[in-house]
Structures are given as C-alpha cells and as structure tokens.
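According to this note's numbering, the first sequence is numbered sequentially starting from 743.
All residues carry an ideal CB built from backbone N, CA and C; glycine is no exception.
Fair warning: this is a prediction, and the values are worked out from it, not measured in the lab.
Have a look at the structure below before the remarks.
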Amino acid sequence: MRYSNCFVPTLRDVPADAEVISHQLLLRAGYIRRVTSGVYDYLPLALRVLRRIEAIIREEMERAGAQELLMPMVQPTELWEKSGRLAKYGPELLRFEDRHAHQSCLGPTHEEVICDLMSRELRSYKQLPLNLYQIQNKFRDEIRPRFGLMRGREFVMKDAYSFHADDESLMAEYRNMFDTYTRIFDRLGLRFRPVEADTGSIGGSDSHEFHVLADSGEDVIAHCESCEYAANVEKAISLRSAPVAASAAVAELETPGLTSVEEVAEFAGVDAAQLLKTLVYRVSGGAFDGAVVAACVRGDDQLQTVKLIHALDADAVEMASDAEIESIGGVTGFVGPIGLNAPLYIDSGLEHALDLVAGANRRDLHLTGVDVGRDISGAQLVDLRETRAGDGCPRCGGTIALSRGIEVGQVFALGRRYTEPMEVVFQNQQGKREVATMGCYGIGVSRLMAAVVEQCHDDGGIAWPDVLAPFPVILVSMGKSDAVLEASGEIYKQLQTAGIDVLWDERNERPGVKFKDAELIGIPLQIVIGDRGLKEGVAEFGRRGSDRREVAIADVVAMATTELANRAGAAI
RNA sequence: CGGGGCGUAGCGCAGCCUGGUAGCGCAUCUGGUUUGGGACCAGAGGGUCGGGUGUUCGAAUCACCCCGCCCCGACCA
C-alpha cells in the first residue's frame, strides 16, 4: 500500500478528552474516531489490527473444535422475558420498538438467542457436545463509557456458547476453552493472568476472567506471590490474623460528633480493627427487593459490595438514605448491629471477635465490649470483606498482592441457568427428555486492541507486536530523486511478491515527518532507501525503536522475510 | 443519577471577569526555497463562538433553560 493513498489522519496534538494512553494513541495515530459517547469509527489501520486479532481467535477456536456462526444484533425482548433476565440486565439493555410496536433490544450478549436456536434444533444427545461462536458487534448502554475502546457502548466481541449432555462434558469444554484462551493471549504477545471471577449478571457456577496487566485497568485482581491463586477482588478471599482481645462487658461510650472509624478508634484508644463497622443498604432484586439491610465488617476492612449482593441473592444494593437508616432504628454515623430492626449480615472473619466498639444506634453514643457471638443474634455470617494487599493466601498462606487488570476474556460454566427456562432439551440415551447444560466464553476483541496498546507503546507511539501490526513493514523513501523512487518501487514490488504486506511511504515529506508517523502508527520493521545509501548499494534495515543498520539492497527482502517469520502463522 | 469542569476553525488553545471589527499555534490550500528525525518565506481558505430564550442601542462575553463532552462519585454513615 502506498502511504499517499492511505487514510491515516494522524494528529500532532493529543485530543483533550482522551485520558488513557491507548485512547490518546489510537486517536493520534489515526486508528479511531469518536462518533458518539462510547461509539467509534474504526479507520483502516484499526480494522487491519482488528482483523488480525480476529484471525488468531478464529484459528484457535477452530482448532479447539468450535464452529463459527453469526447471530443478529437486534433481538426480540420476549426472549429476555423468557430467560428471566430482562429485569436483571436493567438499563444496560438498549430497548426500542419497531413500527409494529414490537419490543426489541440491541444484543449485549447472546445467551437468549442461541438458546432459542438450540431449543428449536436440538433433539438428541448425539448432537452434543457443540460449541458455536461468533465475532460480532455488541451494544451495552454503559452507565459511564470511558477510556476510548476500553469501555465503549458498542464494541466487538467474540462470544462462544457450548452445549452438553452432562456437566462432565461441560467441564471438559470449560478447560478446553481455558487453554484456548491462554493460547490466544500468548499469541497476541500479552502479559496476562487468568483469575477466579464472580459470575455477575451472567450467572452460573465456575468462572475465570483473563486480565491483561496494566495500571490503567479498571479491575483489581488479587494474586498470591507464592502460588497460582488469583482472583478478582470482587471474589477473592484471604487470611488475616484478628487482633488479640479478651472478653469484656458491654458498656456505653459517649462519642459526641464522632462518626468516622478513624475518629472513634482514636477517641476510644483502640486499633481500627477493634471497631465493628455497620453499613446500611437498600436492596433491589431478589427476595429482599426493596428492603433495607445492615452489613458489618471490621473497622479497617472494606465491604466488597459484590459479595453482599451474592449473600442477598440480589441484583444491586445502594447505600441507604438517612431516613431509611432511621426506619430500621439506626442513627446515621452511630449505626450498630445491636437493636437494629433489619436483616443483618456479618463478615465471617468476625465470628469469634471479642471486645469490639460498635455504634449504639443512639446519637453520639457507641458501645464497647461487644462480642459477636454473645451479643448479636440472628445474623448471617458470610464473607463480606475485601481482600487487601499483604493478606494471607487462602491456598498456601503466602502473601497476597493486588494488581490492576483489563478484563479481556471470561469463561463461564453456566450449567442450566439459561437452558432450563429457554427449554433447551434433548433425548438422552435412555430416551428421556433432559435439559442440556451450557457454557459461554467471551473475548473483548476491540478492547483487546486497546489493551495491547496499553502494554505496547513508548514515547514515539504504538509498538505493535509483529502479529498484530496493520503492516509489518514500512518502506521509507528518503529524498525524492528519481533514483530513490525507482529503487524503492523495485523493493516494494519484491516485498509484495514475497507475500509481505508493506506500507510504502513515498510521500514528498521531510524525513522527520515520515519517521515520526512510522513510529506513531507503530510499524515494527523499517526499511529506508535514501540517496546516500543508494550510491553504495545499501539500504537501512531495523526494528522500530532500535537503530537501523546498513545492509545490501539485494538482501533486504530476504531479511524482512526472516525477521517476520513468526507473523506467517497469523496470516489472514 | 449526584458533584465538578468544559464547549470559540480539523487538533490544541486565548478572548469572557470589565459587553463594542472573532484571534493565536499546528493542520489545510497556492507560489517559492528546502529535504536524513515533526522546515522556512509570502499569501489564502476555513467559524450558526454547542442550541434556545432573555437583558441591552449592541452579547462569544451577562442571566435563565436545554444539549453534548470530560473527570470524580454512586462502598466504608
């Protein structure tokens, strides 16, 4: 491709509203443009990269035995009513009606559609197992789209769905997909980590997320420094030694105006870990829908909301208002578990805790000497606290560290969460009707492009790995003499003949402009033909970001071929 | 949804406080000089100043409403 024919609108200045590096560089290097909030144009360079990511995913999915299909973006809302997920998915599901007043929605994921398909077509156990996948645009009306391609509303996703006659088969495919994902992210050249994950709004039993490690990541993952244990903090469990305390009688402690953990701990002269922090929430969804509940963790712990939502089997929780706190007998700032008229959940780490300081549910008053076992009744003991760096590993006792990650893939063993309501049934070997069991496996394709840029860039711009670069080689003609253009044109043809997708910068631009653009858009290999070297019969050859060396022009094509050997396997 | 900020040429910004001809840099176009790391000279084009209403002789500037975008929060009482 000749550069002068390429639509690559590069920018010198950083657009003011781009915050993370991938967003800035993809805009500056002419890969993407924003259309509306969370929705982007993928310009030709970006599409080339997307296609390469997709090609690797397709290769590995096919190798793993999955088959590609394509489902619609528009889905009838009835399917979501049938699966029982309409309310749960909430406003993230973009709904609309057509001219016949038929209720429709834009697909944020496709469990319903594929189950609908399978419910019509699946008859016999002999058709199982089956793994079907697609690469397709999704739409989720995100509460806050941000960071360019990292959290868009419309995005490209690979989603796969497997169906099985029994859970053993499901778990075998789950492991197969886990391994497949590992291969895919390895081939993409990413530093990543699979972690145990919460199943979120998708549901199901087992789940792992694949995270690309990057400081700009929106997720926090906890991982052991000694063993393989790693989990999203939404789910991670950990060990921590409780403070030593002796049993004491309950007593009142006047705490005028002291409402924060820090203030009360300092005033009472105890460590924050001796405090019992009581949070009050309003619940939506599930059996407690609309109710106000209280949850307790140690004063120095954070409550992990996702864990509480699970304990309640709810869709969401929100901090209660002052009025709601009063409605259960609490006083904002002085809430405690004793005497509260609400369902009570206590972090299991507090089960045997003694001599705690807790709110007294009266203004300017706390209680001391609280024993969880002795003084608090009717509470549910569940894991609620968020894992912290430095905690003990639940597997090996090693030390837990926290890292930030970009979630680029997730695998779920769903079981019969969808197949049951959607009536995906088959006849088993005994001739009996049975509900199929199911797994689903997603990869954020467009997000991956941003994640790669987060990991692969420098001051000059994007540094694509060979396998993903929109062009593996840029041929730069330096100077505009006929001799240089002729010699470059010859090399250009030879590279193409050798099967190398080369970008030929034959523009009448100054050298600085050409080199800056080449680095910005991230082409891995540079070949420079200039007046100077041409006289000696040499070209310059080198990798982006390191020095070029002079080589005989006659050898350039062969050298490029050798250098790009690892890209061949990813040919489109 | 709550809080904060911003909206002026393709991109980055000034002008607004204190109302009076809409500006600067980059980019673009023309001509010329240049050509090994984002050139220089001369000229040119490009704006409903986010939208509306109001105040005023006069509004980018003041007031009100709306829209859009960005950031923070929506979990620690």
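Confirm, please, whether the CB-CB distance from residue j to residue i is below 8 Å.
{"i": "I1263", "j": "G931", "result": "no"}
{"i": "P1163", "j": "S825", "result": "yes"}
{"i": "H844", "j": "I1148", "result": "no"}
{"i": "I1185", "j": "M815", "result": "no"}
{"i": "G1072", "j": "N1103", "result": "yes"}
{"i": "D901", "j": "H852", "result": "yes"}
{"i": "S1188", "j": "I1271", "result": "no"}
{"i": "D775", "j": "L787", "result": "In the sequence as presented, Asp is not what sits at residue 775; that position holds Arg. No; because the gap between Cβ atoms is not below 8 Å, this pair is not in contact."}
{"i": "L821", "j": "L874", "result": "no"}
{"i": "G832", "j": "F881", "result": "no"}
{"i": "E938", "j": "A914", "result": "no"}
In terms of alpha-carbon separation, which member of the options lies closest to residue i?
{"i": "L1227", "options": "E1248, S968 and A843", "result": "E1248"}
{"i": "Q766", "options": "K1235, A1010, D1201 and E1305", "result": "D1201"}
{"i": "R1309", "options": "P1253, P1207 and V1022", "result": "P1207"}
{"i": "A1205", "options": "I856, Q1268, D1089 and A829", "result": "Q1268"}
{"i": "S1002", "options": "A988, L1021 and A991", "result": "L1021"}
{"i": "R754", "options": "G1272, M913, R770 and E1004", "result": "R770"}
{"i": "S1145", "options": "R1105, S866, L912 and E967", "result": "E967"}
{"i": "A1062", "options": "K880, D1055, R917 and G1075", "result": "G1075"}
{"i": "A1307", "options": "R1291, V962, G1287 and P1214", "result": "P1214"}
{"i": "L789", "options": "G894, K1256, D840 and L1210", "result": "L1210"}
{"i": "L836", "options": "H842, T819 and L1123", "result": "T819"}
{"i": "L1050", "options": "R1040, V1025, G894 and E834", "result": "V1025"}
{"i": "T1304", "options": "A1058, F1283 and I979", "result": "F1283"}
{"i": "G1032", "options": "A1014, G849, V1048 and D1055", "result": "D1055"}
{"i": "G780", "options": "D759, R794 and R793", "result": "D759"}
{"i": "D921", "options": "T997, D1042 and Y1183", "result": "Y1183"}
{"i": "Q1169", "options": "R793, L870, A1014 and G1028", "result": "L870"}
{"i": "S947", "options": "K977, T924, G1115 and S989", "result": "K977"}
{"i": "L1123", "options": "V1039, V937 and A1294", "result": "V1039"}
For residue i and residue j, what's the separation of their Cα atoms in angstroms?
{"i": "L1126", "j": "V975", "result": "11 Å"}
{"i": "D1133", "j": "M892", "result": "30 Å"}
{"i": "D1117", "j": "H1094", "result": "11 Å"}
{"i": "C847", "j": "I798", "result": "30 Å"}
{"i": "V1112", "j": "A829", "result": "41 Å"}
{"i": "A1121", "j": "S958", "result": "39 Å"}
{"i": "P751", "j": "P757", "result": "13 Å"}
{"i": "N918", "j": "E802", "result": "11 Å"}
{"i": "M1180", "j": "L1156", "result": "5 Å"}
{"i": "R865", "j": "L912", "result": "18 Å"}
{"i": "A1313", "j": "E1128", "result": "Unreliable positioning characterises A1313 in this predicted model, as indicated by a pLDDT of 47, which lies under 50. A coordinate reading is not provided."}
{"i": "D883", "j": "I926", "result": "28 Å"}
{"i": "E1008", "j": "L1000", "result": "10 Å"}
{"i": "D940", "j": "F934", "result": "18 Å"}
Let's test the definition: count the other Cβ atoms within 10 Å of the Cβ of residue i and tell me whether it reaches 16, buried, or not, exposed.
{"i": "M1191", "result": "buried"}
{"i": "I885", "result": "exposed"}
{"i": "S904", "result": "buried"}
{"i": "Q1016", "result": "buried"}
{"i": "Q1197", "result": "buried"}
{"i": "I1265", "result": "buried"}
{"i": "G1091", "result": "buried"}
{"i": "D1259", "result": "buried"}
{"i": "H906", "result": "buried"}
{"i": "T778", "result": "exposed"}
{"i": "A806", "result": "buried"}
{"i": "T1239", "result": "exposed"}
Excluding the 5 residues preceding and the 5 following residue i in the sequence, name in chain order all residues of the same chain whose CB lies nearer than 8 Å to its CB.
{"i": "K1222", "result": "N1250"}
{"i": "S1109", "result": "With the sequence shown as reference, residue 1109 is identified as Leu, and Ser is not the correct amino acid for it. Same-chain partners within the cutoff: V992, A993, E994, L995, G1078, I1080, V1099, A1100, G1101 and A1102."}
{"i": "E854", "result": "Q817, L821, W822, K824, S825, R827, Y1160 and M1164"}
By Cβ distance, which residues of its chain are closer than 7 Å to residue i, with the 5 residues on each side in sequence left out?
{"i": "R744", "result": "W1246 and E1248"}
{"i": "L1276", "result": "A1225, V1226 and A1229"}
{"i": "Y1234", "result": "L1217, V1244 and W1246"}
{"i": "F749", "result": "L785 and P786"}
Is residue i near the ligand FMN, going by C-beta to nearest heavy atom under 7 Å?
{"i": "F905", "result": "Annotation note on the ligand FMN: not contained in the displayed structure, which lists no ligands."}
Can you list, in chain order, the residues of its chain whose CB lies under 6 Å from that of residue i, leaving out five sequence neighbours each side?
{"i": "I856", "result": "Y903"}
{"i": "A1036", "result": "T1020, V1022, L1082, A1084 and L1086"}
{"i": "Q1167", "result": "The amino acid occupying residue 1167 in the given sequence is Val; Gln does not appear at that position. So the list reads R1175 and V1177, once near-sequence residues are dropped."}
{"i": "I1070", "result": "V1034, L1082, N1083 and A1084"}
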